[in-house]
Amino acid sequence: SQAIVGGGSTITQQLIKNQFFTYQPRSLQVKSEEAILAYGLTQQYPKWKIMEMYLNTVYYGDLNYGVEAAAEGYFNLQPTCTPTHCVPATAQLDLAQASFLAGLPQSPSYYNPFDNLDSNTHRLIPGSPTLVRHHEVLQSMVQLNMITSKEAAQAQEEMEKYQFQPYTATHTMQAPHFVRYVVDQVLVPLLGAQNLLN
Numbered sequence: 081s082q083a084i085v086g087g088g089s090t091i092t093q094q095l096i097k098n099q100f101f102t103y104q105p106r107s108l109q110v111k112s113e114e115a116i117l118a119y120g121l122t123q124q125y126p127k128w129k130i131m132e133m134y135l136n137t138v139y140y141g142d143l144n145y146g147v148e149a150a151a152e153g154y155f156n157l158q159p160t161c162t163p164t165h166c167v168p169a170t171a172q173l174d175l176a177q178a179s180f181l182a183g184l185p186q187s188p189s190y191y192n193p194f195d196n197l198d199s200n201t202h203r204l205i206p207g208s209p210t211l212v213r214h215h216e217v218l219q220s221m222v223q224l225n226m227i228t229s230k231e232a233a234q235a236q237e238e239m240e241k242y243q244f245q246p247y248t249a250t251h252t253m254q255a256p257h258f259v260r261y262v263v264d265q266v267l268v269p270l271l272g273a274q275n276l277l278n
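This note's numbering puts the first residue of the sequence shown at 81, with every later residue one more than the last.
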């Protein structure tokens with residue numbers, strides 16, 4: 081239909097888009113520039129480094145930019161440091177938590193756990209989009225022989241029982257809607273998600 085469509089891009093192209101073209105109209109020129117920059121990035125860095133850059137900049141919902149922020153925000157994990165060594169929050173994730181976070185970037189607002197919680201128990205509502213997505217991620221991991229069916233079932237059960245505590249339960253934020261607006265609409269386009277984290 082001679083129109084520019086989205087989707088079908090690689091992780092490298094998504095990283096380039098998130099860093100440089102987030103608020104650009106999806107034109108043929110922009111998509112071409114993304115492809116050229118993505119090619120250059122793949123020539124300079126190994127795949128694991130590109131994946132690390134992507135995971136550190138992608139949006140996980142609820143003001144969590146990057147997987148480290150998501151591990152801290154959703155699971156209250158904190159980096160632990162000694163004078164000679166630091167262990168990031170992401171290194172402390174278990175299978176249930178890591179697979180849960182892996183499913184969020186596809187649609188962070190739709191899968192936001194805080195929008196799918198039972199207000200009394202702070203657990204995810206059975207059959208909620210968040211739990212369905214987590215199940216899909218786990219089943220994909222089983223199909224790829226990354227985990228066993230038993231491990232997937234245990235991880236699913238752990239997430240069904242997990243009690244999410246919103247960041248605001250332990251930290252006060254004045255005017256949260258305004259803060260979210262400024263972060264999403266002003267700071268990220270101006271500075272880029274990675275620079276905002278620094």
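Cβ coordinates follow ideal geometry from the N, Cα and C atoms, glycine included.
DSSP state of residue i, grouped into three classes?
i    : result
V217 : helix
L204 : strand
T160 : strand
L197 : strand
Quick one: is residue i buried, meaning 16 or more other Cβ sit within 10 Å of its Cβ, or exposed?
i    : result
Y139 : buried
K97  : buried
V167 : exposed
S147 : Just to set this straight, residue 147 is Val in the shown sequence, not Ser. Buried is the call here.
T92  : buried
R106 : exposed
Q109 : exposed
M221 : buried
T164 : exposed
E237 : exposed
T102 : exposed
L224 : exposed
P193 : buried
M239 : buried
N144 : buried
Can residue i and residue j be called in contact, C-beta distance under 7 Å?
i    : j    : result
V217 : A182 : yes
N196 : S208 : yes
A169 : P159 : yes
H202 : Q243 : yes
Y134 : L95  : yes
L211 : G141 : no
I'd like to know whether the C-beta of residue i is nearer than 7 Å to at least one C-beta of chain B.
i    : result
E237 : Note that chain B does not occur in the displayed structure, where there is just one protein chain.
Report task. Mind listing, in chain order, the continuous alpha helix (DSSP H) runs of no fewer than 4 residues lying wholly within the stretch 120-144? Result -> 127-135
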